[in-house]
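In our numbering, the protein residues as written are 10 to 156.
By construction, the Cβ of each residue, glycine as well, lies at the ideal position given by its N, Cα and C atoms.
Small disclaimer: the values here were computed from a predicted structure and weren't measured.
Step one of this worksheet: look at the structure below.
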Ligand SMILES: [Zn+2]
Ligand SMILES: [Zn+2]
Ligand SMILES: [Zn+2]
Ligand SMILES: [Zn+2]
């Protein structure tokens with residue numbers, strides 16, 4: 010040990026912590042999964058509204074980081090096989106690259122767009138409504154039709 014610290018450490022934190030997702034500086038907390046500053050706003054979420062107005066909820070629910078943590082996987086989510094296998098590739102890529110992430114997947118795998126099994130319209134599994142059955146995915150229009 011030859012290093013000597015003579016100067017007192019007076020590193021003043023000038024920069025206020027900000028939510029890594031929306032940039033707000035009030036009511037912050039740290040994510041359990043990755044220790045990043047985020048809005049402490051879970052309470053804003055109204056049950057069953059499916060609103061996506063809560064930064065911390067969005068990160069917990071719609072990212073691989075949050076999933077990886079809540080499922081108790083080990084290692085880094087970006088290289089986690091379990092996460093990779095738990096989702097359709099399209100969902101996996103969405104969860105790994107959406108705006109609720111602090112860090113995004115660097116090389117997201119390619120996937121073919123999902124198409125409605127009936128009308129062949131492209132369905133976004135992350136944003137559109139759809140239903141699933143043995144025959145595949147169905148867009149909302151086709152789901153509504155009685156077979
Ligand atoms: Zn926020
Ligand atoms: Zn996280
Ligand atoms: Zn995982
Ligand atoms: Zn359809």
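With a floor of 3 residues, list each beta strand (DSSP E) that falls wholly inside the region 55-88, ordered by position along the chain.
none
In three-state terms, what does DSSP make of residue 105?
helix
Residue closest to residue 115, alpha-carbon to alpha-carbon, out of 152, 101, 122 and 121:
101
Beta-carbon within less than 8 Å of residue 128's beta-carbon, same chain only, minus the 5 sequence neighbours each way: which residues are those?
Correct list, in chain order: 148, 150 and 151.
Closer than 7 Å by C-beta to residue 86: which residues in its own chain qualify, once you throw out the five before and the five after it? Chain order, please.
If you ignore the 5 residues before and after residue 86, its C-beta comes within less than 7 Å of the C-beta of 73, 74, 77 and 92, all in its own chain and listed in chain order.
Contact check, residue 34 vs residue 27, beta carbons under 8 Å
yes
Any heavy atom of ligand 2 closer than 7 Å to the Cβ of residue 40?
Ligand 2 has a heavy atom closer than 7 Å to the beta-carbon of residue 40.
Opening and closing residue of the alpha helix (DSSP H) in which residue 152 lies:
149-153
Closest to residue 63 by C-alpha separation, out of 32, 105 and 134, would be which residue?
32
Residue(s) in a DSSP beta bridge with residue 39
46
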